[in-house]
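Worksheet for the structure shown next.
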Amino acid sequence: METIIVQLPGPAQWGADETGSPELIHLGPGDIADFGRGTPGGTDVRITLTDPGVSRRAGQLEAAGDYWRLSNFSRSVSYVVENLEGAGEYLTVAPGRLGAPVPFEFSRVVLPALSGNAAFKVFAPQHAYLGERSSPGGGEQTVHPFALDPTSKYFLVLVALCEPRLRDPADSALPGVGQIVERLRPLESCRDLTRSAVNYHIDYLAFAKLRLDLGEETAAGADGGRTGAKRTRLASVALRFGLVREEHLGLLPPRSAGRLTPQEAGA
0 METIIVQLPG
10 PAQWGADETG
20 SPELIHLGPG
30 DIADFGRGTP
40 GGTDVRITLT
50 DPGVSRRAGQ
60 LEAAGDYWRL
70 SNFSRSVSYV
80 VENLEGAGEY
90 LTVAPGRLGA
100 PVPFEFSRVV
110 LPALSGNAAF
120 KVFAPQHAYL
130 GERSSPGGGE
140 QTVHPFALDP
150 TSKYFLVLVA
160 LCEPRLRDPA
170 DSALPGVGQI
180 VERLRPLESC
190 RDLTRSAVNY
200 HIDYLAFAKL
210 RLDLGEETAA
220 GADGGRTGAK
230 RTRLASVALR
240 FGLVREEHLG
250 LLPPRSAGRL
260 TPQEAGA
């Protein structure tokens, strides 16, 4: 089971338009990946940052347990790790620092570059959380197959997706991406939420957190069909295994409208 997933720099953004898939590197405990400009045509780094202002071997990632470490091989510049779920939260890794632990689940590693910044994203989907019945000294820790953080933005997206069925199990309607955006925007943390961001979180939930096997459901049909299949499976698994429950509805802003109609849900 991977500890971290690295999204390599490139035009494809996870979940942005459903038109392409970003290139990903999966790392398990003990695995490492060097990053930097690399040598021409070489394979000396796994994460290539093409800006000429980036060192050929700028640093290294190491997967460790349910988190990861960052080493900065530069002798003169610091690197920044941004928390993509935080309100401007970040940490700085000083020149020459080795094995700096990174606690964020969604991260962007930023290096100074001639073109501004060179960056790549790192996801740590296997973060561990204390269970209700955890007891010390009980042997090896159980790894929850669905380790979801209720304080995260992706969890808000999941709750908004499941809301109609939580309120009425007989309601088969699911909100569309645009409706999820409008449902969450009254929250301070979601004021800048976009359709692309919601698609991003849906992809992260489907492929990294719940590890859904969508098979041929997403292999054919219009883009809306592929997105709809993911939303349907996400809601089904989340409700079936109790990942989202009625008490989680309190995380959403107060409702200002009635239930969704089937026509609205298809938006």
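One point on numbering: in numbering that gives the first Met the number 0, the residue at position 265 of the sequence shown is 264, and numbering is uninterrupted.
Quick reminder that beta carbons are idealized off the backbone N, C-alpha and C, glycines included.
Keep in mind that this is a model prediction, so the values were computed, not measured.
Which listed residue (the options) has its alpha carbon closest to that of residue i
i, options, result
"residue 202", "156, 79 and 88", "156"
"residue 61", "92, 98, 50 and 47", "98"
"residue 197", "181, 253, 63 and 53", "181"
"residue 250", "27, 231, 184 and 47", "184"
Beta-bridge pairing of residue i - partner residues as DSSP gives them
i, result
"residue 122", "4 and 105"
"residue 115", "112"
"residue 62", "67"
"residue 26", "3"
"residue 78", "92"
"residue 46", "34"
Residues near residue i by beta carbon distance below 7 Å, same chain, minus five either side
i, result
"residue 207", "4, 122 and 124"
"residue 234", "160, 161, 164 and 173"
"residue 55", "35, 36, 37 and 38"
"residue 74", "94 and 95"
"residue 53", "35, 36, 110, 112 and 117"
"residue 92", "69, 71, 77, 78, 80 and 99"
"residue 237", "157, 161 and 243"
"residue 150", "none"
"residue 31", "59, 60 and 61"
DSSP state of residue i mapped onto helix, strand, coil
i, result
"residue 100", "strand"
"residue 93", "coil"
"residue 84", "coil"
"residue 176", "helix"
"residue 167", "coil"
"residue 211", "coil"
"residue 33", "strand"
"residue 235", "helix"
"residue 190", "coil"
"residue 205", "helix"
"residue 251", "coil"
"residue 145", "coil"
"residue 230", "helix"
Residues near residue i by beta carbon distance below 6 Å, same chain, minus five either side
i, result
"residue 8", "119"
Expected contact under 8 Å - CB spacing of residue i and residue j to nearest Å
i, j, result
"residue 113", "residue 51", "6 Å"
Other residues of its chain near residue i: CB distance less than 8 Å, five sequence neighbours each side excluded
i, result
"residue 83", "103, 105, 106, 107 and 120"
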